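Numbering (my numbering), first residue to last: 226 to 598.
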């Protein structure tokens, strides 16, 4: 499979299944300039997949689970890799997990995939495909934990009139590196909600993306991250409006504390000439809790038609508002507790949107643990 180009846009101009179509990054490329390549453990150079990341599936009874080989025709149909690591992950995985929600089925409980890293010293690669057939509904949780050097691709195929909610939780040990592309392709009047929570790991780079195959698609992308000293947490989003009358909303919020904590958020939205009637908005906010942190937040909006319902973006990074703290302290609340309350409220507006109770409570507890440091 050769190189595929997207000449109508200056964002994400090429994609390919072939690793050779992507030169080894140097760090000067736009898509790699914020990522510390020296910490990738050669994932960007094509490290051999000698490590292990075990996948355990706890599926709803309505969901079909299959372990398939590389030759399965359902793999790679919804997403073509857009960078060298993604192409390497596609070329190197040996077995994929395929989840299928049959037509008109409504899953009675969330389906949970637990990706367990066993060794951070060797690279591991993975592939997951989730197919939600027309008018079906499901919730899927991707729970990452353990120690790993791991790269993977995840495809979500959402059929006409179907609804899929996905929660991707990065709860790795401190020595882990994880690079993941998570792509959703939506049919006519399909709905997709993607929620990314990044807490653990040494370097984590998650790239959610959405594309539409027919009018009426609706995508909501949310994210919460808490960056500690020395951590690099990066989120690179792409929403590609290539068909008319589709909607997207993006809201990512992060908090940073500790020396050399680094958060990167890149939000790319393309409205192509065919995307008339698009309604889109993206937002990123970062709360800086201590000195010594770094935030890079870059919203990009490329519009190739004037016939849109709405298109906008916003980005803000700053410290705790002294007025908020003063208001609480003036009512007898100690400063440390006032600080906690502000952070809880700031992140809690998104955490409350997590539909799975167990995950929502786990994230709340993790935020409390971060605030105790």
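Ideal Cβ placement from N, Cα and C applies to all residues, glycine included.
Bear in mind the structure is a predicted one, so any value in this text is a computation, not a measurement.
When C-alpha distances from residue 399 are compared across 338, 479, 457 and 331, the shortest belongs to 457. Minimum Cα-Cα distance from residue 407 among the listed residues 474, 246, 377 and 328 corresponds to 377.
Taking residue 402 as the centre and dropping the five residues before and after it, the same chain places the C-beta of 264, 265, 266, 268, 345, 373, 374, 375, 426, 427, 428 and 429 closer than 8 angstroms to its C-beta, in chain order.
Membership of residue 561 in the alpha helix (DSSP H) is indicated by the continuous run 560–576. According to the DSSP assignment, residue 331 belongs to no alpha helix (DSSP H), since it is labelled neither H nor E. Residue 595: member of the alpha helix (DSSP H) spanning 582–597, first to last residue. Relative to residue 570, the option among 556, 463, 412 and 589 whose CA is nearest is 589. Put simply, of 435, 478, 437 and 442 the residue whose alpha carbon is nearest the alpha carbon of residue 449 is 478.
When secondary structure is reduced to three states using DSSP, residue 277 falls in the coil class, being assigned neither helix nor strand. A buried status is given to residue 482, since no fewer than 16 other beta-carbon atoms sit within 10 Å of its beta-carbon.
Of all alpha-carbon atoms in 544, 491 and 503, the one lying nearest the alpha-carbon of residue 523 is that of 491. Here residue 312 carries a helix assignment [DSSP, helix/strand/coil]. Between the stretch 246–266 and the stretch 298–316 there are three or more C-beta pairs closer than 8 angstroms, enough to call the two in contact. The criterion of a C-beta distance shorter than 7 angstroms is not satisfied by residue 366 and residue 324. When the five nearest sequence neighbours on each side are left out, the beta carbons in the same chain lying within less than 7 angstroms of the beta carbon of residue 416 are those of 388 and 443, in order along the chain. Residue 303 has its alpha-carbon roughly 25 angstroms from the corresponding atom of residue 255.
Runs of beta strand (DSSP E) with 3 or more residues, each lying fully within the stretch 395–443, are found at 402–411, 416–423 and 428–437, listed in chain order. Within its own chain, the residues whose Cβ lies closer than 6 angstroms to the Cβ of residue 422, once the five positions on either side in sequence are excluded, are 394, 449 and 588, listed in chain order. Under the three-state reduction of DSSP, residue 265 is assigned to coil, being neither helix nor strand. The C-alpha of residue 557 is placed about 55 angstroms away from the C-alpha of residue 439. Ranked by Cα distance from residue 258, the first of 475, 386, 489 and 343 is 489. Ranked by how close their Cα comes to the Cα of residue 460, the residues 510, 573, 243 and 348 have 510 in first place.
Bounds of the beta strand (DSSP E) holding residue 351 are 336–357. Between residue 432 and residue 348, the C-beta spacing is not below 7 angstroms. Of the residues assessed, residue 497 falls on the buried side of the cut-off, its CB having 16 or more other CB atoms within 10 angstroms.
Comparing alpha carbon positions, the residue from 334, 404 and 441 closest to residue 390 is 334.
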